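Novice:
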Amino acid sequence: METYLPSHRFSLGPFVLLQSLCCVVLWMGQGIGCPEKSRKSEPALNQSMRKAKDGEEGREEAVERGDKQLRALSGAADLNNGAIGLYNMGLSCCLNSLLQVFFMNIHFTVILRRIKVPTVRTEQKKSVPYQMLLLLEQMQRSKQRAVYPQELVRCLTLHNLKLFVQYDAAQLFLSLWNLIKSQITDGQLADRLTTLYTIRVQEYLVCQKCSFETKRDSNLLTLPLPMFNSCSQRLKTLEDSLRCFFQPEQLTDSNMCLCEQCERKTPCLQGMRLTCLPHTLTLHLKRFYYRKSSWTQKISYSLPFPQSLDFNQILTQEQCHPDAKEKADWQYDLFGVVAHSGLASFGHYCAYIWSLTEGKWYCFNDSSVCQVSWDDVKCTYGNSHTHWGETAYLLVYMRKNPQ
Amino acid sequence: MAQWQEVQQLEKAYLEQVHQLYSEDHLPMEVRQYLAPWLEDQNWSRAAEPPAAEPHSSQAHMLFQTLLALLDDQYSRFGASENDFVLKHNLRKSKLNLQARYQECPEQLANVIANLLREEKAILSRGLAAQQAAAQPPASAPMETDRQQKIERRLAEAKAAVQELDREVRHLEELQDTFDFRYKLHRMVASGAPPSPDLARQTEQLQAMLNNLDRSRKDVLARAQELLGRCETLRDFLLEELAEWKDRQRRACIGAACDSSLSRLETWFTGAAEVLFQLWRLLQALGDQHVKLTYQHDPLATQRPLLESRLQEQLSCLLRSAFVVEIQPIMPFPNRRPLVLKTGSKFSVRARLLVKLQDRSHRLEVKIVLDQHPPDVKGFRKFNILTSTSKTLVQDDPQMEGLVCDFRHISLKDQRAGASGKGSKGASEGLLAITEELHLITFTLDYKYQELALELQTSTLPVVIISSNNQFSSAWASVLWFNMLSPDPKNQLFFSAPPAASWAQLAEVLNWQFSAATERGLDKEQLHMLAEKLFGPEATPASTLTWAKFAKDNPPVFSFWTWLDGILNLIRDHLAQLWKDGHIMGFVSRKRERQLLKRKQMGTFLLRFSESSREGGITCSWVEPGEKGQPKVRSVEPYTKMELTSLPLPDIIHDYQLVAAENIPENPLKFLYPGTPRDEAFGKYYTERREVDLLERRKYLNRRLIRVSSRQPHEPWLPEDMVAAPPAAEGLAANHLEALELGANRLEALEPGASHLEPLELGANHVEALEPGACGLEALGLGAYELESLELGAYGLEALGLGAYGLEALEPGANHLEALEPGPSRLEALEPGPSRLEALEPGPSRLEALEPGPSRLEALEPGPSRLEALEPGASTQEALEALKQELDLMSFDQAGSNVLRGGDPYLPPPADMPPPVLSGNTLFLGANDLPPLHVDSKDFQ
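For the protein sequence lines, the chains are A and B, in the order given. Everything in the first sequence is counted per our numbering, starting at -17 for the first residue and increasing by one. Everything in the second sequence is counted per our numbering, starting at 197 for the first residue and increasing by one.
(1) Using a beta-carbon distance below 9 Å, is residue 736(B) in contact with chain A?
(2) Using 10 angstroms around the beta-carbon of residue 218(A), count the other beta-carbons present and answer buried if the total reaches 16, otherwise exposed.
(3) Considering only residues of the same chain and omitting the five flanking positions on each side of residue 578(B), which have a CB-CB separation below 6 Å?
(4) Under a Cβ-count criterion, where at least 16 other Cβ atoms within 10 Å of its own Cβ denotes burial, should residue 222(B) be classed as buried or exposed?
(5) Given this structure, state the Cα-to-Cα distance separating residue 175(A) from residue 93(A), to the nearest angstrom.
(6) With C-beta atoms as the reference, is residue 543(B) less than 9 Å away from residue 634(B)?
(7) Classify residue 323(B) as helix, strand or coil using the three-state DSSP reduction.
(8) Classify residue 657(B) as helix, strand or coil using the three-state DSSP reduction.
(9) Taking 9 Å as the threshold (C-beta atoms), are residue 456(B) and residue 441(B) in contact?
(10) I'd like to check one pair, residue 639(B) with residue 657(B): are the Cβ atoms closer than 9 Å?
(11) What runs of the alpha helix (DSSP H), each 4 residues or longer, lie entirely inside the stretch 269 to 312 of chain B?
(12) So is residue 455(B) in contact with chain A if we call contact Cβ pairs under 9 Å?
(13) Between which two residues does the beta strand (DSSP E) carrying residue 1149(B) extend?
(14) Tell me which residues share the same chain as residue 865(B) and place their Cβ nearer than 8 Å to its Cβ, disregarding the 5 neighbours each side in the sequence.
(15) Check whether the Cβ atoms of residue 709(B) and residue 764(B) lie closer than 9 Å to each other.
(16) Helix, strand or coil for residue 60(A)? Go by DSSP, reduced to three states.
(17) Buried or exposed for residue 1124(B), please, with buried defined as at least 16 other CB atoms from any protein chain shown within 10 angstroms of its CB.
(18) Flag residue 358(A) as yes if its beta-carbon sits less than 9 Å from any beta-carbon of chain D, otherwise no.
(19) Anyone know if the C-beta pair for residue 214(B) and residue 227(B) falls short of 9 Å?
(20) DSSP three-state call for residue 335(A): helix, strand or coil?
(21) In this structure, how does DSSP classify residue 344(B) when only helix, strand and coil are distinguished?
(22) Quick check: the stretch 641 to 653 of chain B against the stretch 545 to 562 of chain B, are there 3 or more CB pairs under 8 Å?
(23) Residue 247(A): which of 299(A), 260(A), 222(A) and 187(A) sits nearest, CA to CA?
(24) Does the beta carbon of residue 382(A) sit closer than 9 Å to a beta carbon anywhere in chain B?
(25) Counting only C-beta atoms, is residue 169(A) closer than 9 Å to chain B at any point?
(26) When the Cα atoms are used, what is the spatial distance from residue 562(B) to residue 515(B)?
(27) For a contact defined as C-beta to C-beta under 7 Å, what are the partners of residue 69(A) on chain B?
(28) Buried or exposed: where does residue 445(B) fall if 16 or more other Cβ atoms within 10 Å of its Cβ makes it buried?
(29) Just the chain B side, please: which residues come within less than 8 Å of residue 372(A) by C-beta, in chain order?
(30) For the alpha helix (DSSP H) containing residue 174(A), name the first residue and the last one.
(31) Can you tell me whether residue 291(A) is helix, strand or coil according to DSSP?
(32) Since residue 144(A) contacts residue 207(A) with CB under 8 Å, what's their CB separation in whole angstroms?
(33) Check for me: the beta strand (DSSP E) holding residue 318(A) runs from which residue to which?
(34) Give me, in chain order, the residues of the same chain whose beta-carbon lies closer than 6 Å to that of residue 420(B); leave out the 5 immediate sequence neighbours on both sides.
(35) Once DSSP output is grouped into helix, strand and coil, what is the label at residue 425(B)?
(36) Between the stretch 346 to 364 of chain A and the stretch 423 to 430 of chain B, can you find at least three pairs of beta-carbon atoms closer than 8 Å?
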C-alpha cells in the first residue's frame, strides 16, 4: 500500500510563475508583482546531484557491460516515479514533447547524468544539459502529476529559443540537441551522445557520361522522409517513404552538375548510401510543406508506420555503404512518436512514448499523462478526412535489444 | 455508480484491502460512508497543494469546514433509537478527532482524502479486472471481439474522464470567482492608498491565486487534449466497426448470412457523441470563463479555439458516419433480393441515425433524392420518386428502435415514360444496358443538436431499376457483381469497365445464392464442378471470370448466370426439400459422374442438373451392366419445371421404369449414391397413396402416373456426350417417353402397317408391361386397327401442331392414365391451357368411340368444372377416385399383371371377342370381376 506523507509533499515545494518568464497580467492590464522564486527545493536538488556524482564510477563500468545492466541500474533510478507531465509554459507543448522523448530514453539519461556540473551559478543557469538534468530530477522526485520546466525554459531563452512561438518539432529537436551536445564539456561524453543519435550517410554523385563518382560523408540527426514520391504520388507506408528517400535521383537538364573529369555539366545520378544507423533513430515525416504564395500546409493523410522496422528489408545492397558495419543490428522498435494536431500554423504537440522500463505506452499532453495502447499510437497514422486530428510527425525508433 | 458503492460490492479479497486502507486512523470509515457522494465530488488533490503564498489554503480550509458541518448535519439526523445511539457516539467521536487533528492543517486532511480516494480507485479497478477475467469465459456468448471489448472499455473511460473534467471545470469556476472577488476588493482598497507591506502581501496572495488559476486552466486544457486524443482512437474503432457492419450489410444483401443489427453500434455512437457533446459544453463554459477573466498568455485564449475546432471536426465526423441506410431498398415480393427495383412497383427503404440525440424542439427532416449527382452518361435514365420524398426522423415509434425514418410504398417512374411512350431503351441509346445502370438514393438530414447544425447525408447501395420482371435475373447478376467487386460503394459507372472476379470471390457469392434461396449452400465438390465448368480443369481460386462471361447472354448461347439462376428457380420451386436434405448432388460433371458411379454397385444413381437446359433441368444418372459386363452409366433426359410441375421428382424416381425388348421392365434406380437404398432416401417424399378398402378395390383398377423410358434392344447406346444433344439428333432410339413424344418421326415409326406392326406392338407391349391399366385396355379389345387409329389420332394431333404436352396426353395407355391419375387438381396442371384442350378434342373424339378411357380423358382435362359439364355421368369426384383406386390395385400387383398378359397380350384379340377371362391367382377373381375399365357412363353414377 502506498504511504502518503503529507509533510514530505510540502518540502518539495510550491513553485511560482516567475514574472520574467510567464508574465501573468490581469485583464485590466495591471501586472501583479510576485516574489522571487523560493529556493527551498534548491538544496534538495544539489543533494541529488552529489548522489549522482557518487555513483558515477560504478555506473561507468555498468555502461560498458551493456544494455541489460544499464537498464536495471538507470531504469530503477529513472522511473521510480512513473511518467510525469510538464506544464505548458506558453505554447511549449512542442518542447515538452521533445523533453519527454529525451527523458524517457534511458540511453540518453545515462549520458545526461554524467555531465560535469558547471561550478559557477551563471554557468549553471546557462547550461542546457544541466537544466535538463535538474528538471529530470525534479520530475522524478515530484509527488505531483506534473512540474513546471521554467528554469530550463528560461535557460533556453538565453540561447534564443523563445517562448510563445510555434516551433516545428524537427527544427526544435535539432536546435535542442545541438545545444546539449555543444554544452557537454566532456568530449568522450559528447561523442557518446553523437553516436547515440547520428545517422551517417555517404552522398554520391555519379556522372552518367564517364561514371566518375564524387562522394561526400554527412551526418544527419533525422531522416527527413517524403510524403510523396518523385512523381508526386502518395507514399503508402513508412517503408515506402524510406525506400523513396534512398532512391537515387537522375539529375538532367537544368539540374546537371559539373563533372570534374568531363569538365562540363553532365547528367548525373545523385544518391545516398547508408553508412551507420544510430541506436536512437529519429525519422521526420515531411508533413508540412510550403506552397508558393500560400501558407504552410499540413498533409494529414495516413502514413502507417510499423512497430518494428528492419532496414535490411528496406534497403538494397547498393543503398548501404560497403563499409557499413553492424548491418545485422539495423533492426528497430518504435520508441516514441511526436504527434501534431491542428493546422500548420496553429496546433498542439503531444508525445506517445514507449516506457522501456514498464513496457507500456504513455501519452504526454503537457501536464497530463496517461497510459495508452498501441491502438492510440496507430491513431496518429493520419487521416485524409480530418484536418485537426493527431498525426505523427517525428518517429523515434530504438535499436532492438539483442535478447 | 458512485465509487463507494462499487467498492462495497467488491469481492472479499479486495474488500480486505479496503479495510486495511481505513485501518489507520486518518479518516474513519463511517465518515467516508455518510459523506460518500460529497467526498467523491470534491477536488481534494487540488486542495492539498496550496499556492505557495498562502500558508492555509483557502480551499482546503473551506472543504474542512464543510466536512465538519456536514458531519454535524448527519449527526442531527440520527433518531433516538438504541442503534443510532452508538452510531451517534461514533460519529461524534470521529468528528472531534478530525477536528483536533486537522484544524491546523486542513491540507493534510485534503491530502489524506485524495490519497484514499486514489487508492480506492486502484483497488476497485483491480477488483473489477479480476471480476471481468473470472466472468469472461461464460460471458463471451455473444462473441465479443477484441475490438468490441476495447470500445466498451474506452467508452466507459471516456465517460469517466469527461465527468472528471466537468468537476474540474466547476472548481475552476469557483477558483475564478473567489479570485475575482478578492481582486476587485483589493483594487478598491489599493486605489489611492499608499503602498504598505500589508498591501504588498495581499498582492502576493493574489498573484499566487492567479498562478494557481492559470495552472488549473492549463491542467484542464491538457486533460481536454488528452481526452480528445483518446476519443479519436475510439472514433476510429467505431468507424472500423461501422465499416464492418456496412460490409456485412452488403454481403447480407447478396445472400450471405450476416448479422446486420445496429443496436450495439447505436449504443456506442450515442455514447461517444454524448461524451463529445459534453466536452463541447465544457469548452463553451471555459470560453465563458475566459470572457469573464483573462490575462496575458491566458492558455484559454490560445488553446481553446484549437480544441474547439478539433472537437467540432470529431463530432461532425462521428455524426456523418452515424447516418446510415439500415434497410437497403427492397420490393416486398420476390425472393429476398434487394437493390432491384421495378418502375411502378412499391419499395421500401429505411435510414437511421445511430447517434440517438435529438432536440425535442427541432424536427429532423429527411429528404430523399434519386441520383443526386447523376453520372454524365448518354441515355442515363432519370426517374421521379412518387409519393412523398420527405419524412421526419422519429424516435418514439414503439415498433422501431432507434432514430429512424422509414420510407415505404414509394415507387419510381421513368421520366421519359410519358414522353417517348415506351420507356424502354434501345441498345444504341445509352452506353450502359438497363440492368447495368446503377442508381443511388441519397438521404439528406438537417441535423441540429444543441448548437451544432450539420447536414448529414447517406446513400443506399446502387440499385438497378428495371421495367419488367424478365429483367430481374440479369439485374440481380449486376447487383451481385457490384457488391462482390466494387471497392467504391457509390461507383455508378462500375459497369462501364467491370472488373473480373476471381473464382475465390465468385464461389463464395454463388454459395450464398444457394444458401439464401434454398437453405443449403454448395459443397466443395459442387463448387469444384462449377469451377471446372467455368475455367476448365486448371481452375484455381485465382482464376478470373469476366463480367461478360458471367452474365451476358449471347443467343442462342446462354450465360453461366442464366443457367445457374434457372437451376436456383427449379430448386426453389420444385426441389427445395430434396436439395435441402442433400439428396441432390446436382453439380457434377459427366466425367466425374461416371467415375463415381462405376465404382458402385449396379443400380446406384445420382441426381444431376442439366448443363444444357436454359431453364434448369435435373436428370437421374445410374449405373447398369453394359454389353461386355462393364458398368455403363445412363442418364434420362432432364426434367424441367414443365414435368416437375405435374409430378414431383421423388415420385418420378420411385416409379421410373426402363423398358427394353428383352428386359422385364424395371426401375434402374436402386441406390442413391453412395449407397442409400432408394426408398430409404426418398421414401418420405413420395406422394402418399391412398389405402383402399377391399370393397372399393373391386370396382376400379389402380392407376398412377409414372415416367417410362424405353429403348430398342438392338439399338446401340449413343455416346454419352450426345445424350444431352437436342432430342431430334438422337435418332429413333426411344429411350424415353418424352423423347419419343417430341419428334414426329418417332410417331411415324409407330405408324400402322404390317412392317410397322412390330414396333407398334412393342409400343403396346411396353404400355402393357409398364401399365397394368393399359393391359386392361388391351384386354378390353383394342385391336390393331384401334391402335392404329389411336396412333393416327395422336399423329393427327401432332399434325395439329401441339406441343409435347398434348401429345403426351394422348400416348396410348400411359397417357390417358396419366391424365386420369392425379385427380382434378393435378389435371389442371397437366393441361395448362384451354387452347390445348381444344386442340385435343378432334383426336379424343375418335378415341372416344374406341374406348372409355379417352372419353374420360377428354372429360377430365378441363378440370372439375368442365368435367361436370361435359360428362354428366362422371360428375362426381368420388367416382373418379374409385376408378383411380381400382387402377392402383392393378398396378400394384406385378403377378396380376403377368397373368393379365397371360393369353397373348401382344396380339390384339378379335374385335368382337369378349374380354379375355382371367384365371389363376389374379387380382380379378373372375371375369365378372374384371373391373369396368370398359365403362359406360352408368358406372360413374
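Note that beta-carbon positions come from the ideal geometry of N, C-alpha and C, so glycine has one too. The model shown is predicted, which means the values in this text are computed figures rather than measured ones.
Specialist: Put simply:
(1) Sequence index remark: in the second sequence, residue 736(B) carries index 540 (1-based). By this cut-off, residue 736(B) is not an interface position.
(2) Translated into the one-based positions of the first sequence, residue 218(A) becomes position 236. Exposed, since its Cβ has fewer than 16 Cβ neighbours within 10 Å.
(3) Here residue 578(B) corresponds to residue number 382 of the second sequence, with the count starting at 1. Correct list, in chain order: 611.
(4) Mapped onto the second sequence, residue 222(B) falls at position 26. Residue 222(B) should be labelled buried.
(5) Taking the first residue of the first sequence as position 1, residue 175(A) is located at position 193. Taking the first residue of the first sequence as position 1, residue 93(A) is located at position 111. C-alpha separation (whole angstroms): 7 Å.
(6) Your numbering for residue 543(B) matches position 347 in the second sequence. Your numbering for residue 634(B) matches position 438 in the second sequence. No, the pair does not count as a contact, with Cβ atoms beyond the cut-off.
(7) Here residue 323(B) refers to the residue found at position 127 of the second sequence. Helix at residue 323(B).
(8) Numbered from 1 along the second sequence, position 461 holds the residue referred to as residue 657(B). Looking at residue 657(B) - three-state DSSP - the assignment turns out to be coil, as it is neither helix nor strand.
(9) Position 245 of the second sequence, counting from 1, holds the residue named residue 441(B). Position 260 of the second sequence, counting from 1, holds the residue named residue 456(B). It is a contact, given that the beta carbons lie within the stated cut-off.
(10) Sequence index remark: in the second sequence, residue 657(B) carries index 461 (1-based). Sequence index remark: in the second sequence, residue 639(B) carries index 443 (1-based). No. Outside cutoff.
(11) DSSP runs (the alpha helix (DSSP H)) wholly in the stretch 269 to 312 of chain B: 278 to 298.
(12) As a first step, residue 455(B) is located in the second sequence; it is residue number 259 there, counting from the start. Not an interface residue.
(13) Only positions 197 to 1137 of chain B appear in the structure, and residue 1149(B) is not among them; the question remains open.
(14) One-based indexing of the second sequence puts residue 865(B) at position 669. Within the same chain, residue 865(B) has close Cβ partners 799, 801, 816, 818, 849, 852 and 874.
(15) Walking along the second sequence from the start, residue 709(B) turns up at place 513. Walking along the second sequence from the start, residue 764(B) turns up at place 568. In contact: residue 709(B) and residue 764(B) (Cβ atoms closer than 9 Å).
(16) Within the first sequence, numbered from 1, the residue matching residue 60(A) stands at position 78. Reliability fails at residue 60(A), whose pLDDT of 44 lies under 50, so the model's placement of it is uncertain and the value that follows must be treated cautiously. In the structure shown, residue 60(A) sits in a helix (DSSP, three-state: H, G or I).
(17) To locate residue 1124(B), count along the second sequence from 1; it is residue 928. Here the model assigns residue 1124(B) a pLDDT of 41, short of 50, so the residue's position is not dependable, and the following value carries that caveat. The residue in question, residue 1124(B), is exposed, as its Cβ has fewer than 16 Cβ neighbours within 10 Å.
(18) The structure shown has no chain D; the protein chains it does contain are A and B.
(19) The residue given as residue 214(B) occupies position 18 in the second sequence. The residue given as residue 227(B) occupies position 31 in the second sequence. No.
(20) Within the first sequence, the letter at position 353 stands for residue 335(A). Note: residue 335(A) maps to strand in three-state DSSP.
(21) On the second sequence, residue 344(B) is found 148 positions in, with the first residue counted as 1. Correct three-state label for residue 344(B): helix.
(22) yes
(23) Numbered from 1 along the first sequence, position 265 holds the residue referred to as residue 247(A). Closest option to residue 247(A), Cα to Cα, is 187(A).
(24) The count along the first sequence starts at 1 and reaches residue 382(A) at position 400. Not an interface residue.
(25) Start at 1 with the first residue of the first sequence, and residue 169(A) comes out as number 187. Answer no: the Cβ-Cβ gap between residue 169(A) and chain B never drops below 9 Å.
(26) Residue 562(B) sits at position 366 when you count from the first residue of the second sequence. Residue 515(B) sits at position 319 when you count from the first residue of the second sequence. Distance between the alpha carbons of residue 562(B) and residue 515(B): 15 Å.
(27) Walking along the first sequence from the start, residue 69(A) turns up at place 87. Here the neighbours are 411 and 414.
(28) Within the second sequence, the letter at position 249 stands for residue 445(B). By the C-beta density criterion, residue 445(B) is buried, having at least 16 other C-beta atoms within 10 angstroms.
(29) Along the first sequence, one-based indexing puts residue 372(A) at 390. Result: 425 and 428.
(30) Locating residue 174(A) in the first sequence gives position 192, where the first residue counts as 1. 169 to 179 is the extent of the alpha helix (DSSP H) around residue 174(A).
(31) For the purposes of this step, residue 291(A) is identified with residue 309 of the first sequence, where counting begins at 1. DSSP places residue 291(A) in strand when its eight states are reduced to three.
(32) What you label residue 144(A) is simply residue 162 of the first sequence in a count that begins at 1. What you label residue 207(A) is simply residue 225 of the first sequence in a count that begins at 1. Their Cβ separation, rounded to whole angstroms, is 28 Å, which puts residue 144(A) and residue 207(A) out of contact at 8 Å.
(33) By 1-based counting over the first sequence, the position of residue 318(A) is 336. Here the beta strand (DSSP E) through residue 318(A) covers 313 to 325.
(34) Along the second sequence, read from residue 1 onward, the residue named residue 420(B) stands at position 224. Excluding residues within five positions, the ones whose Cβ falls inside 6 Å are 503.
(35) Reading the second sequence from its first residue, position 229 is the one you call residue 425(B). Reduced to three states, the DSSP call for residue 425(B) is helix.
(36) yes
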